[in-house]
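Read the structure below first, then the notes.
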Amino acid sequence: MLKIDTHTHIIPKKLPNWAEKFGYGDFIYLQHHKKGFAKMMRGNQFFREIKENAWNPNLRIEEYAKFNTQVQVVCTIPVMFSYWAKPLDCLDVSKFLNDHIADLVEKYPKNYVGLGTVPMQDTELAINELERCKKIGLLGIQIGSNINDLNLNEERFFPIFEACEKLSMAVLVHPWNMMGMKSMQRYWLPWLVGMPAETSRAICSMIFGGIFEKLPSLRVNFAHAGGSFLGTIGRIEHGFLCRPDLVAIDNPVNPRNYLGKFWVDCITHDPLMLEYVLKLQGSKHITLGSDYPFPLGDLEIGRFIEEMTIDPSVKEDIFCNAPLNWLGITKERFT
Ligand SMILES: [Zn+2]
9 MLKIDTHTHI
19 IPKKLPNWAE
29 KFGYGDFIYL
39 QHHKKGFAKM
49 MRGNQFFREI
59 KENAWNPNLR
69 IEEYAKFNTQ
79 VQVVCTIPVM
89 FSYWAKPLDC
99 LDVSKFLNDH
109 IADLVEKYPK
119 NYVGLGTVPM
129 QDTELAINEL
139 ERCKKIGLLG
149 IQIGSNINDL
159 NLNEERFFPI
169 FEACEKLSMA
179 VLVHPWNMMG
189 MKSMQRYWLP
199 WLVGMPAETS
209 RAICSMIFGG
219 IFEKLPSLRV
229 NFAHAGGSFL
239 GTIGRIEHGF
249 LCRPDLVAID
259 NPVNPRNYLG
269 KFWVDCITHD
279 PLMLEYVLKL
289 QGSKHITLGS
299 DYPFPLGDLE
309 IGRFIEEMTI
319 DPSVKEDIFC
329 NAPLNWLGIT
339 KERFT
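Residues 9 to 343 in our numbering are what the sequence shown lists, from first letter to last.
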């Protein structure tokens, strides 16, 4: 069976020294301090250590083969978004990362599909780079769950979503710049609590802001099974019904109506939770995802789903059909 992992991250082995080039800012750079490893540095601050599988395409293909997975949808690591930078500098960073991914996809068309990154803080530049992403063979973009703390329903982002729909470019919404980060440094809470909340924030903002209502053909996938959104849909719907004066101010449609109209990946680490997600979303709107190569990801690339006693057609939907539909392509691309 063709298996397409829709949520993986990649970074070029070498990054320019953007802080020096632009003369400001904590842009990420890589210190290759020992063989097979690199430190991601944000300014002078250590951010995280990554391994060779974060940049070596052949090694990644080998590691995926162990889990019978042929295709990886690659995008940058969210800390690279650089939305905080001056728009033209962020564009420069985005172009570098997008060209790297486009080059990879061209060299390994049967193993890699690419998503770009765009300077979301500048609507016009973002749309220009989105159009360029399409031209260089990327099938969509990855964006943050918030853009410098602005929610995705802000008017300034709407033309970008509109352009994605028009160009048939898929969108992956990834949590980052987590709310409450400063006050919950201990216990990895920004990753364990902040990230799921961020993704729910993004889904709620897009639903209540009427984005899906106005752009019914826009194809959006939310990371980590939609974060805390599906687990709290009852509360969200109840809030919509009991306080429409607060919730239904921009879109009169019940949030539950949007289940199965966008995609979520399967990264739950929990078969019981996946069954619940299946009930709400349907198998056509859950995609195989892993968050490879990071330790909080499902580094056995959906093995827990293979081991579940569910209909083989459901597995085929998650591993193959849903990813293809979200990306807007057919199987033939990989055979
Ligand atoms: Zn991720």
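Don't be surprised by glycine CBs; every beta carbon is placed ideally from N, CA and C.
Asked	Found
To the nearest angstrom, how far is the alpha carbon of Phe-35 from that of Asn-25?	8 Å
Taking the beta carbon of Ser-208 as the centre, do at least 16 other beta carbons fall within 10 Å, making it buried, or is it exposed?	buried
Taking all protein chains shown into account, do 16 or more other C-beta atoms lie within 10 angstroms of the C-beta of Ile-294, making it buried, or fewer, making it exposed?	buried
Starting from the N-terminal side, write out each stretch of the alpha helix (DSSP H) that is 4 residues or longer and does not extend beyond the stretch 103-158.	131-143
So what does Val-81 bridge to, in DSSP terms?	Val-121
Below 7 Å, is the gap between the Cβ of Ala-231 and the nearest heavy atom of ligand 1?	yes
Classify Ser-298 as buried or exposed, calling it buried when 16 or more other Cβ atoms lie within 10 Å of its own Cβ.	buried
By Cβ distance, which residues of its chain are closer than 8 Å to Asn-259, with the 5 residues on each side in sequence left out?	Ile-215, Phe-216, Gly-217, Gly-218, Glu-221
Would you call Pro-252 buried or exposed, if buried means 16 or more other Cβ atoms sit within 10 Å of its Cβ?	exposed
Mind pulling the alpha helix (DSSP H) runs of 4 or more residues that sit fully within the stretch 230-295?	241-250, 252-255, 279-289
Ser-90 and Val-101 look like a contact to me (Cβ under 8 Å); what is the Cβ gap, rounded to whole Å?	5 Å
Spatial neighbours of Arg-311 within its chain, please: CB distance less than 8 Å, with the 5 preceding and 5 following residues excluded, ordered by chain position.	Phe-75
Using a threshold of 7 Å, is the CB atom of His-277 nearer than that to any non-hydrogen atom of ligand 1?	no
Could you tell me the boundaries of the beta strand (DSSP E) in which Tyr-4 lies?	Outside the shown range of the chain (9 to 343) lies residue 4, about which nothing can therefore be said.
Give the range of the beta strand (DSSP E) segment to which Leu-180 is assigned.	178-182
What residue from Arg-164, Cys-83, Leu-180 has the CA that sits closest to Leu-112's CA?	Cys-83
For the beta strand (DSSP E) that Lys-74 lies in, which residues bound it at each end?	That residue, Lys-74, is in no beta strand (DSSP E); it is neither H nor E in DSSP.
Under DSSP, the alpha helix (DSSP H) around Thr-16 begins and ends at which residues?	Note, Thr-16: premise wrong, no alpha helix (DSSP H); beta strand (DSSP E) at 12-17.
Among all the DSSP beta bridges, which residues are the ones paired with Val-228?	Val-179
Note down the Cα distance separating Leu-286 from Asn-52, rounded to an integer number of angstroms.	44 Å
Taking Ala-178 and Asn-229 to be in contact with their CB atoms under 8 Å, please state how far apart those CB atoms are, rounded to whole angstroms.	7 Å
Quick one: what does DSSP say Tyr-300 is sitting in, helix, strand or coil?	strand
Since Arg-56 sits in a beta bridge, which residues does DSSP pair it with?	Met-48
Per DSSP, what kind of secondary structure is Thr-343 in: helix, strand or coil?	coil
Nearest CA to the CA of Leu-223: which residue from Asn-161, Val-272, Ala-205?	Asn-161
Could you tell me whether the stretch 120-134 touches the stretch 193-206, where touching means 3 or more Cβ pairs closer than 8 Å?	no
Over the uninterrupted alpha helix (DSSP H) stretch that includes Thr-207, give me the two end residues.	203-216
For the stretch 165-179 against the stretch 232-239, do three or more pairs of beta-carbon atoms, one drawn from each stretch, fall closer than 8 Å, so that the two count as touching?	no
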